[in-house]
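Counting in the UniProt record's numbering, the sequence shown runs from 1 upward without gaps.
Just so it is clear, CB atoms sit at the ideal spot from N, CA and C, and this is done for glycine as well.
Bear in mind that the values here come from a model prediction, so they are computed numbers and not experimental data.
For reference, the structure is listed below as structure tokens.
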Amino acid sequence: MHATPLTVMADASLVNAQDAALSRADHVYYTLREEIFDMRILPGDRLTEGAIAERFGVSRTPAREALQRLQSDGLMQGYVRGGWEVVPIDNKRFDDLYEMRQMIEVFAVRKLCNGETPQADLNLLLDALDRIWRVGRARRVVDGRKLVELDESLHHALVAAAGNDELTATMQRVTDRIRVVRRLDLVKGDGIAETYEEHAAILDAIRRGDSASSVELVSRHISGSQASVSGLTMQRLLGARTEAGRSSVAHAPARPRRTI
Numbered sequence: 001m002h003a004t005p006l007t008v009m010a011d012a013s014l015v016n017a018q019d020a021a022l023s024r025a026d027h028v029y030y031t032l033r034e035e036i037f038d039m040r041i042l043p044g045d046r047l048t049e050g051a052i053a054e055r056f057g058v059s060r061t062p063a064r065e066a067l068q069r070l071q072s073d074g075l076m077q078g079y080v081r082g083g084w085e086v087v088p089i090d091n092k093r094f095d096d097l098y099e100m101r102q103m104i105e106v107f108a109v110r111k112l113c114n115g116e117t118p119q120a121d122l123n124l125l126l127d128a129l130d131r132i133w134r135v136g137r138a139r140r141v142v143d144g145r146k147l148v149e150l151d152e153s154l155h156h157a158l159v160a161a162a163g164n165d166e167l168t169a170t171m172q173r174v175t176d177r178i179r180v181v182r183r184l185d186l187v188k189g190d191g192i193a194e195t196y197e198e199h200a201a202i203l204d205a206i207r208r209g210d211s212a213s214s215v216e217l218v219s220r221h222i223s224g225s226q227a228s229v230s231g232l233t234m235q236r237l238l239g240a241r242t243e244a245g246r247s248s249v250a251h252a253p254a255r256p257r258r259t260i
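Structure (structure tokens):
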């Protein structure tokens, strides 16, 4: 059957409608994702598809799509009748994620130290990272949100340089799931100096090709981060949001909060 002008117009209208719906879903998704990372929506907060749709001025379909994508990210979990909850803080879950992160990064630095990455490429990467992390105290980033971004960039750059695309993708998923507690840790200013010093030491060991020291330093660095966030409580999360002058978005009636 040949397409008529009317069917072509109908098909074009359908494609445009689908693109618009996708755009609306993207907007809802990225906004809610950032609000979770920025602690404007906290672990344990409950939302409904209807409330999200009303807030963003969209139908329930893009609202549901955005929430389902957040669920795939490990940031939301769904209930019956359009109810959703930001995944509560769970020590076991974060311990598992940090263990995965350590396994990935140890593998990566071993490959970097064993000469499996072209030396010229590795030197360029290390030089670029040195310009960020080997600076005097006066030039260090003290904004917690920016520091988390720089911290993530370093770790992802080292993993990506090892050349295993699947591990790099897995590292991204792990990072997304621990970002809330990592951001809170550095926003509170508990580990800024240590972050700079430990990153510089890791880069030095990799540059020397010292596999044993690199593995030890990376393992200690990740274990220290894990220990730092393991003491977080819901009260601290609430305090961080209050100190930043943020208010939570509209959500479903509160249920008793879970603590770590």
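- With respect to the C-alpha of Arg-179, the residue from Cys-113, Asp-210, Ala-200, Val-229 having the closest C-alpha is Val-229.
- Remark: fewer than three beta-carbon pairs, one from each stretch, lie closer than 8 Å, so the segment 139 to 150 and the segment 83 to 103 are not flagged as touching.
- For Thr-48, no alpha helix (DSSP H) encloses it; the enclosing beta strand (DSSP E) starts and ends at 46 to 48.
- The Cβ neighbour count for Ser-223, taken over all protein chains shown within 10 Å, is under 16; the residue is labelled exposed.
- Our two residues, Leu-154 and Ala-25, have alpha carbons roughly 31 Å apart in a direct line.
- Non-local C-beta neighbours of Gln-71 in its own chain, meaning closer than 7 Å and more than five positions away in sequence, comprise Gln-77, Gly-78, ordered along the chain.
- Per DSSP, Gly-78 is not a residue of any alpha helix (DSSP H); the beta strand (DSSP E) it occupies stretches across 76 to 78.
- Excluding the 5 residues flanking it on each side, Pro-62 has same chain C-beta neighbours closer than 7 Å at Ala-21, Arg-24, Ala-25, Val-28, in chain order.
- In the three-state scheme derived from DSSP, where H, G and I count as helix and E and B as strand, Val-180 is classed as helix.
- Counting only residues of its own chain and dropping the five nearest sequence neighbours on each side, Ser-59 has a CB closer than 7 Å to the CB of Ala-53.
- A straight-line Cα-Cα distance of about 11 Å links Val-142 and Tyr-196.
- Shortest Cα-Cα distance from Ile-206 to any of Glu-194, Asp-38, Gly-115 involves Gly-115.
- Leaving aside the five residues that flank Glu-65 on each side, the residues in its chain whose CB is nearer than 7 Å to its CB run, in chain order, Ala-25.
- In the displayed model, Gly-83 falls within a strand according to three-state DSSP.
- Under the three-state reduction of DSSP output, Thr-117 falls in the coil class, being neither helix nor strand.
- Its chain contains Val-218 as the residues whose beta carbon lies nearer than 6 Å to that of Glu-105, once the 5 sequence neighbours on both sides are disregarded; these appear in chain order.
- With fewer than 16 neighbouring CB atoms inside 10 Å of its own CB, Tyr-30 falls in the exposed class.
- When secondary structure is reduced to three states using DSSP, Gly-224 falls in the helix class.
- A direct Cα-to-Cα measurement between Arg-131 and Leu-203 gives close to 11 Å.
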